[in-house]
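Peer 1: First residue of the sequence shown: 421, per my numbering; consecutive thereafter.
Okay, here's the structure, questions in a sec.
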Amino acid sequence: MSTPIRASSILPGHREEIELHTADGLKLVGELARPLDREPAGTLVCLHPLPTHGGMMDSHVFRKAAWRLPALADLAVLRFNTRGTSSVRGTSEGAFDAAVGERFDVAAAIEYAEFAELPNIWLVGWSFGTDLALKYGCDPAVAGAILLSPPLRFSTPDDLTQWADSGKPLTALVPEFDDYLRPAEARERFAAVPQAEVVGVPGAKHLWVGDAETVLDEIVRRVNPAVPVPLPTTWDGPVETGDVSAYADRTVASFADTPVPGPRPDQAG
């Protein structure tokens, strides 16, 4: 019997709580979700939105990726809380460091994926997480990066030059009605990276509320192109139900216009 895939649907997969250990001595909490009965074809390392604005490893697009993509797209999904960030999984040690100390967090996640022998590692950053990907993710172990709602707030032209020189694929999914960077400006800014692909998403906003399925389709299209998209909206087989109520307020409150440390206080991300 086919069951509709809803926001709370957890499809079959192997999920384990993990800990990341940074080079500067912090312990970060996370989760690794894998396909249940086969090796993954690719790996997503998720870098979440700004924690001072509600971002965390359970931000809704990443939660849905972990709950669906191991079953639907043969992908492993590694999520974690950057330093000082809390979610139901727990709180990572340390304190938010405005994209400075977080370089060690990104390195720890990539290292974990390497040691776990996870294949075809892609970074998926969202908002603040896109800046972390651009600044610290151009690593030999990383195949490419997908940026969701990039504000280009903490990253610099030198970071874009590094990606340009690497030749690694870089895709930016930019909402038509983004609060911080819209498609036309994004194409101008990312022109510094010849291989960068900027995809404007009609009708979408920074939080991707109502558009998570579009995001997941675009991720799968690039990381495991053997899987047909759009992904199925129903599932034949066992489905568990997750509790999404704990985050209802944080999803709405994310990216509220409150001051945060950083080089460009006119923008949030």
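All C-beta atoms, glycine included, are put in the ideal place defined by N, C-alpha and C.
If you draw a straight line from the alpha carbon of R684 to that of D525, how long is it in whole angstroms?
Peer 2: For R684, the predicted structure reports a pLDDT of 34, less than 50, and the residue's modelled location is therefore unreliable. A value from the coordinates is still provided. Whole-angstrom Cα-Cα distance: 22 angstroms.
Peer 1: When DSSP builds the beta bridges, which residues end up paired with F500?
Peer 2: G450
Peer 1: What would DSSP say about I425, mapped onto helix, strand or coil?
Peer 2: coil
Peer 1: What residues in its chain sit with their C-beta under 6 angstroms from that of K555, if we drop five residues either side in the sequence?
Peer 2: S575 and D579
Peer 1: Would you say L446 lies against chain B (beta-carbon separation less than 8 angstroms)?
Peer 2: Chain labels in this structure do not include chain B; a single protein chain is all it has.
Peer 1: Tell whether a beta-carbon distance below 8 angstroms holds between G462 and W542.
Peer 2: yes
Peer 1: So does the region 651–666 actually touch the region 551–568, counting three or more Cβ pairs closer than 8 angstroms?
Peer 2: no
Peer 1: Helix, strand or coil for H473? Go by DSSP, reduced to three states.
Peer 2: helix
Peer 1: How is the beta strand (DSSP E) around E537 delimited, first residue to last?
Peer 2: Segment: none, E537 is in no beta strand (DSSP E) and carries neither H nor E.
Peer 1: Give me the residue from L568, E617, E596 and P603 with the minimum Cα distance to A584.
Peer 2: E617
Peer 1: Can you give the beta carbon distance from L567 to R609, rounded, assuming they're within the 8 angstroms contact cut?
Peer 2: At roughly 11 angstroms, the Cβ-Cβ gap does not stay under 8 angstroms, so L567 and R609 are not in contact.
Peer 1: With a cut-off of 8 angstroms, do at least 3 Cβ pairs link the region 486–503 to the region 450–461?
Peer 2: yes
Peer 1: Report the CB separation of G450 from F500 in whole angstroms; it is logged as a contact under 8 angstroms.
Peer 2: 3 angstroms
Peer 1: Verify whether the separation of the beta carbon atoms of L431 and L470 is less than 8 angstroms.
Peer 2: no
Peer 1: Between which two residues does the alpha helix (DSSP H) holding E638 run?
Peer 2: A632 to V643
Peer 1: Assess, as a yes-or-no matter, whether the region 501–509 is touched by the region 475–489 under the definition of 3 or more beta carbon pairs within less than 8 angstroms.
Peer 2: yes
Peer 1: Just the Cα atoms here: how many angstroms apart are H468 and A553?
Peer 2: 10 angstroms
Peer 1: Please go through the same chain and pick out, in chain order, the residues whose beta-carbon is closer than 6 angstroms to the beta-carbon of Q582, but skip the five residues on each side of it.
Peer 2: C558
Peer 1: How should A486 be labelled, buried or exposed, when 16 other C-beta atoms within 10 angstroms of its C-beta is the threshold for buried?
Peer 2: buried
Peer 1: Which same chain residues end up closer than 7 angstroms to L538 when comparing Cβ atoms and leaving out the 5 residues on each side of it in sequence?
Peer 2: P460, T463 and A496
Peer 1: Taking all protein chains shown into account, do 16 or more other C-beta atoms lie within 10 angstroms of the C-beta of E437, making it buried, or fewer, making it exposed?
Peer 2: That one is exposed.
Peer 1: On a CA-only basis, which of R426, A519 and G514 is nearest D551? Give me that one, please.
Peer 2: A519
Peer 1: Alpha carbon to alpha carbon, what distance is there between Y532 and E513?
Peer 2: 17 angstroms
Peer 1: Along the chain, where does the alpha helix (DSSP H) containing P490 start, and where does it finish?
Peer 2: Bounds of the alpha helix (DSSP H) holding P490 are H480 to A493.
Peer 1: Could you give the DSSP three-state label for W542: helix, strand or coil?
Peer 2: strand
Peer 1: My output table needs one value for V672: the three-state DSSP class, helix, strand or coil.
Peer 2: Because V672 carries a pLDDT of 42, less than 50, the predicted location of this residue cannot be relied on, and the following value inherits that uncertainty. Helix, per DSSP.
Peer 1: Using DSSP with H/G/I as helix, E/B as strand and the rest coil, what is A604?
Peer 2: helix
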